[in-house]
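According to my numbering, the stretch in the sequence shown is residues -18 to 252, in order.
Glycine residues also receive a C-beta, built at the ideal position from the N, C-alpha and C atoms.
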Amino acid sequence: MRCIFCGNDSSSSKSVEHIVPASFGNSVSILPKGIVCDKCNNYFARKIESPFLNSEVVLQLRQELEINNRDGKVVNRFADLPTKNIMQISQDLHLVMSQEDKTEEEVEQAVFKYQKYLKRTDELLIKPDYNLSRLLAKMAVEAFVYKCLDDMNVIDYIIEDEAFKKIRQYVRYGGNYIWEYNARRIYARNEAYHGDVTTHINYEFDFLFTSQGKAYFIIVMYGIEYVINIIDNTISDYTEWLKNNHYISPLYISPEQRKKEFEGYMNFFAK
């Protein structure tokens, strides 16, 4: 077996690979041992995941949502976050929990402070960021393999095909630029499953292959949709796709449309 990033033998590797970092709420989307070698795994943890997870805004988010790290502990660094006993479970609905009676004015003030905090942190989570860009690129390559694990030939395809060369190099070595991506909030941080406020959506991901010959990795983490082109460092065609599709997330298009887009993608390269 060979590592999908460096191409070296990884048969003796002992570490599984979390596509989304474990300390960001992922205990499910995991690649088996050897898909990513131990050397690359350790490098990504130190140089890509850690700078993202330990940035101030992400630490605040992890504390707000009480996300456990690998050791089962939660962040408890910020004493003044206006997030205690309040959560946004939809764009227009906030849940305020208290054992004390609160006046309407007190509730409105708590929601106002929380909304102000959300706006500030969202601006930081959405603006272009080098470390997040490399993390998205890493997740994109790994998610592609994860989706195709039934066919282990995908490993050779990732390593040898020119289409993945640029993004693999960016993950491994970085650069003096940010691999472009698109970011926008599409639902609340604590978006509830079917109205059940005790559960929320950590993350979800998929791919979009368009009739314009573009291949995009789409992941939504705590309500923010991030989209990265897995072939080229450009996202302009995706913004055009959004306009033409009424700004719906590609995660939620119909199977029929997804199939049609993919057929167009294949026909684009058959010309």
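Residues that DSSP places opposite I139 in a beta bridge: Assignment of beta-bridge partners to I139 by DSSP yields no partner.
Short Cβ contact (8 Å threshold) for A121 with I229: No.
Span separating the alpha-carbon of F59 from that of D73: Each residue's Cα considered, the two are about 26 Å apart.
Length-filtered (3 minimum) beta strand (DSSP E) runs lying within the segment 166 to 234: If we require 3 residues or more, the beta strand (DSSP E) runs fully inside the segment 166 to 234 come out as 177 to 181, 184 to 190, 196 to 202 and 205 to 210.
Rounded straight-line distance, which links the Cα of V38 to that of T102: A direct Cα-Cα distance of roughly 6 Å separates T102 from V38.
Selected residue, minimal CA-CA separation from I212, among Y151, K224, Y111 and H227: Check the Cα spacing between I212 and each of Y151, K224, Y111 and H227: the tightest is with Y151.
Euclidean distance between Cα positions of R(-11) and G15: Note that residue -11 is Asn in the sequence shown, not Arg. Rounded to whole angstroms, N(-11) to G15 spans 10 Å at the Cα level.
Cα-Cα separation, Y168 to K83: Taking C-alpha positions only, Y168 is separated from K83 by approximately 27 Å.
Residue range of the unbroken alpha helix (DSSP H) whose run includes V38: Unbroken alpha helix (DSSP H) run through V38: E37 to E45.
Three-state secondary structure (DSSP) of D277: Residue 277 lies beyond the stretch modelled for the chain, which goes from -18 to 252, so this question has no answer here.
Strand pairing of S79, partner residues [DSSP]: In the DSSP secondary-structure assignment, S79 is not bridged to any residue.
Element boundaries [beta strand (DSSP E), containing M68]: Taken as a continuous stretch (DSSP letters only), the beta strand (DSSP E) holding M68 covers I67 to S71.
Q193 CB to nearest heavy atom of the ligand SAM below 7 Å: For the structure depicted, the ligand SAM is absent and the ligand set is empty, with no information on it obtainable.
Burial state of Q69 (16 or more Cβ within 10 Å): Flag for Q69 reads buried.
Cutoff 7 Å; reference P2; Cβ partners in own chain excluding five residues on either side: Shown here for P2: same chain residues with a beta carbon closer than 7 Å to its own, the five before and five after excluded, namely E30 and L34 in chain order.
Where L116 falls: helix, strand or coil (DSSP): Assignment of L116 by DSSP, reduced to helix, strand and coil, places it in the helix class.
Chain B within 8 Å of C129, Cβ atoms only: Of the protein chains in this structure there is only one, and it is not chain B.
Per DSSP, cross-strand counterpart(s) of R(-17): Answer is D(-10), bridged to R(-17).
Strand pairing of I11, partner residues [DSSP]: Here I11 is bridged, per DSSP, to H(-1).
Candidates I216, I67, L113 and I107, of which the one nearest F93 by Cα: Closest option to F93, Cα to Cα, is I67.
Distance between S4 and S51 (C-alpha atoms, nearest Å): A small fix is needed here, since residue 51 is Arg in this sequence, not Ser. As the crow flies, the alpha-carbon of R51 is around 6 Å from that of S4.
Nearest-angstrom Cα separation, counted from N57 out to E45: In this structure, the CA atom of E45 is about 9 Å from the CA atom of N57.
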